[in-house]
Amino acid sequence: MVDKLPAKLQDHFLVQYILGKLVNQVTNCELVTDSNLDEMENYPFFTFHWIDLGEETTSDWLGQHRQFTCTMQVDAHATSDIEAINLAQRLYEALHEAPYRRFFKQAYIVPQTVSNTANRTTLQGVNYDNDYGFDCSFYVTGGFLFEEKDLNFTFQDQTIETVKADESVLGTNFKDAIFADKNNKEKN
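Residue numbers 31 to 218, in my numbering, belong to the letters of the sequence shown in order.
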């Protein structure tokens, strides 16, 4: 259903591609352009619509890697309100989590402002398409070309299991060092 993306991805196509991978991994749904909405037969799914293709962040950029902010509308479509709300909320939360933000970071893209999830159903009560979503802006350092094989979409939980403060940081000797594990318990 998604328009064919170029073999080498950059800028807006790269944002779409990475967001599609994130949507699929977090919600097990497909991401399609909103112009393909009438072709979708199986619910649930997500749509996107570009609101702003790019606002320069600086007027004095040099070289081929211009920096800009672009904004898209992202909506979850489902046959029930509660399912659409839950899907939109899961994606909203993933866009704020470090392991998923790394998907974008590897391509010099940073999710910026993510608006609150809201009801975007246009014909409430008339049809079975329930639509909840949000707007999201992305800070892009453009001009970098990527192929699918260049990108890693493996979820890597970055939970720190144990932390030990070095004695030089504490200003004490090793016997007084503080250990803390992921359960917030201090050990000496």
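Each residue gets a CB set at the ideal place from its N, CA and C atoms; glycine is no exception.
Chain-order list of residues whose beta-carbon lies under 8 Å from that of residue i (same chain, five-residue window excluded)
| i | result |
| --- | --- |
| I139 | L44, V45, I48, F168, Y169, V170 and T171 |
| P74 | T57, C59, A106, H107, A108, T109, E113, A114 and L117 |
| D64 | T77, F78, H79, Q103 and D105 |
| V156 | Residue confidence is low: V156 scores 49 on pLDDT, short of 50, so the model does not pin down where it sits. No coordinate-derived value is stated. |
| N54 | E60 and L61 |
Endpoints, the alpha helix (DSSP H) within which residue i is located
| i | result |
| --- | --- |
| N160 | Note, N160: premise wrong, no alpha helix (DSSP H); beta strand (DSSP E) at N160 to T171. |
| L117 | D111 to A124 |
| T57 | D41 to T57 |
| P129 | A128 to K135 |
Element boundaries [beta strand (DSSP E), containing residue i]
| i | result |
| --- | --- |
| P141 | I139 to V144 |
| F98 | Q97 to A108 |
| K184 | The displayed chain sequence assigns Thr, not Lys, to residue 184. No beta strand (DSSP E) holds T184; DSSP gives it neither H nor E. |
| T63 | L61 to T63 |
Reference residue i; option with closest CA among the options
| i | options | result |
| --- | --- | --- |
| T184 | R150, D161, Y122 and R132 | R132 |
| D165 | G173, D111, K179 and R150 | R150 |
| P129 | D41, H42 and L52 | L52 |
| D41 | D161, D159, N160 and K135 | K135 |
| G173 | N160, Q94 and K179 | Q94 |
| D159 | D111, K179 and R96 | D111 |
Spatial neighbours of residue i in its chain, beta-carbon cut-off 7 Å, leaving aside the 5 residues before and after
| i | result |
| --- | --- |
| L67 | T77 |
| Q103 | F78, H79, I81, G163 and D165 |
| Y122 | V144, T147 and F164 |
6 Å CB neighbourhood of residue i in its chain, flanking five on each side removed
| i | result |
| --- | --- |
| G84 | F98 and C100 |
| N72 | none |
| P125 | According to the sequence provided, residue 125 is Leu. The question's Pro does not apply to it. Excluding residues within five positions, the ones whose Cβ falls inside 6 Å are P141 and V144. |
| G50 | L61 |
| R96 | G172 |
Nearest-angstrom Cβ-Cβ length linking residue i and residue j, presumed shorter than 8 Å
| i | j | result |
| --- | --- | --- |
| Q119 | T143 | Wrong, their Cβ atoms sit about 17 Å apart, outside the cutoff. |
| A137 | L175 | At roughly 10 Å, the Cβ-Cβ gap does not stay under 8 Å, so A137 and L175 are not in contact. |
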